[in-house]
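Chains as they are written, first to last, in this note's numbering: chain A, 101 to 213; chain B, 49 to 160.
Okay, so here's the structure we're looking at.
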């Protein structure tokens with residue numbers, strides 16, 4: 101069965117360091133992968149989308165990589181700030197190019213001042 | 049302001065009662081979605097609609113119903129047949145040219 105794995109343990113880092121979150125998937129070749137940010141009690145907010153033919157995408161302090169051979173995406177936040185503390189969800193197209201992503205459980209990031 | 053709204057933010061109901069959650073968007077998006085989120089869980093798709101007067105079941109549609117009479121509105125009814133209705137419900141929308149989903153603020157439903 102298709103599966104999306106994100107680390108269930110919270111990631112704790114010091115302010116100014118680079119945070120790296122992982123999203124692994126199995127049994128499918130998604131056309132795209134997305135990353136969202138979710139704050140407690142609020143709806144997710146879209147951050148970045150990377151397509152299967154792209155290796156890397158950047159937006160300000162954010163960088164996403166997509167390795168279709170390893171079936172893995174890495175999400176990096178450089179120069180992290182306490183305001184970056186949130187849960188980060190990855191979402192994949194598991195239905196062959198549709199616009200309905202399947203979401204992972206998310207990883208909580210805590211940036212300490 | 050363009051966006052997607054959900055109301056109410058908190059909702060309490062007695063067991064056995066149906067309840068309807070509102071979702072409205074002014075983004076002119078064709079597609080709308082309903083998700084359920086439980087603590088420590090990912091978002092699970094309940095229903096989605098790609099066009100007015102049409103909708104499809106998602107992964108966990110049992111005990112829920114929807115309607116799509118207007119492009120802007122996609123209300124979700126949680127029926128008494130839903131065995132574990134207490135959860136955080138999220139509505140989202142997207143346009144046909146983008147895979148990006150825009151989410152509402154969510155409704156937290158508690159069934160007593």
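Each residue gets a CB set at the ideal place from its N, CA and C atoms; glycine is no exception.
Practice prompt. Please check the pair residue 191(A) and residue 134(A), which I expect to be a contact at CB under 8 angstroms, by giving their CB distance rounded to whole angstroms.
Written response: Contact check for residue 191(A) and residue 134(A): beta-carbon distance about 4 angstroms, within the 8 angstroms limit, so the pair qualifies.
Worksheet entry | chain A within 8 angstroms of residue 56(B), Cβ atoms only | No, residue 56(B) lies away from the interface with chain A (no Cβ there is under 8 angstroms from its Cβ).
Worksheet item: Which chain B residues are close to residue 134(A), counting only those with a beta carbon under 9 angstroms from its beta carbon?
Response: 147, 148 and 149, listed in chain order.
Item to complete: Determine whether the Cβ of residue 109(B) lies closer than 8 angstroms to any Cβ atom of chain A.
Response: It does not: the Cβ of residue 109(B) has no partner Cβ on chain A nearer than 8 angstroms.
Practice prompt. Give every residue of the same chain whose Cβ lies closer than 8 angstroms to the Cβ of residue 112(B), excluding the five residues on either side of it in the sequence, and list them in chain order.
Written response: So the qualifying residues of the chain are 82, 94, 95, 124, 125, 126, 127 and 130.
Worksheet entry | Partners in chain C for residue 149(A), counting only beta-carbon separations shorter than 8 angstroms | Annotation note: the requested chain C is absent from the structure, which comprises protein chains A and B.
Practice prompt. Would you mind telling me which residues of chain A sit closer than 9 angstroms to residue 79(B), beta carbon to beta carbon, in chain order?
Written response: In chain order: 199 and 200.
Worksheet item: My guess is that residue 155(B) and residue 54(B) are in contact by the Cβ rule of under 8 angstroms, so how many angstroms apart are they, rounded?
Response: For a cut-off of 8 angstroms, the C-beta gap from residue 155(B) to residue 54(B) is around 5 angstroms, short enough to register as a contact.
Worksheet item: For the stretch 110-140 of chain B, which residues have a beta carbon sitting closer than 7 angstroms to at least one beta carbon of chain A?
Response: Of all residues in the stretch 110-140 of chain B, 138 have a Cβ within less than 7 angstroms of some Cβ in chain A.
Discussion item. Using a 10 Å radius around the Cβ and a threshold of 16 neighbouring Cβ atoms, would you call residue 99(B) buried or exposed?
Written reply: Result: exposed.
Discussion item. Let me see if you follow: with CB-CB separation under 8 angstroms, is residue 192(A) close to chain B or not?
Written reply: For residue 192(A), the answer is no, since every Cβ of chain B falls outside 8 angstroms of its Cβ.
Item to complete: Please confirm if residue 95(B) has its CB atom under 8 angstroms from at least one CB of chain A.
Response: Taking Cβ atoms only, chain A never reaches closer than 8 angstroms to residue 95(B), which makes this a no.
Worksheet item: Do residue 143(A) and residue 152(B) have their C-beta atoms closer together than 8 angstroms?
Response: Cβ atoms of residue 143(A) and residue 152(B): closer than 8 angstroms.
Worksheet entry | Three-state secondary structure assigned by DSSP to residue 184(A) | Helix.
Practice prompt. Per DSSP, which residues does residue 156(A) bridge with? Please list them.
Written response: BP columns for residue 156(A) point to 165(A).
Worksheet item: Run through DSSP, which three-state label would residue 124(A) get?
Response: It is a strand residue.
Item to complete: For residue 189(A), return the contacting residues in chain B, with the cut-off set at a CB-CB distance below 8 angstroms.
Response: Neighbours of residue 189(A) on chain B, chain order: 90 and 91.
Practice prompt. Note down, in chain order, every chain B residue with its Cβ under 7 angstroms from the Cβ of residue 142(A).
Written response: Near residue 142(A) (Cβ distances below 7 angstroms), the residues of chain B are 153 and 154.
Worksheet item: Comparing the C-beta of residue 116(A) with each C-beta of chain B, is any distance below 8 angstroms?
Response: Chain B places no beta carbon closer than 8 angstroms to that of residue 116(A), leaving this residue out of the contacts.
Practice prompt. Anything in chain B within Cβ reach of residue 205(A), meaning under 8 angstroms, just list it in chain order.
Written response: Chain B residues near residue 205(A): 88, 89 and 90.
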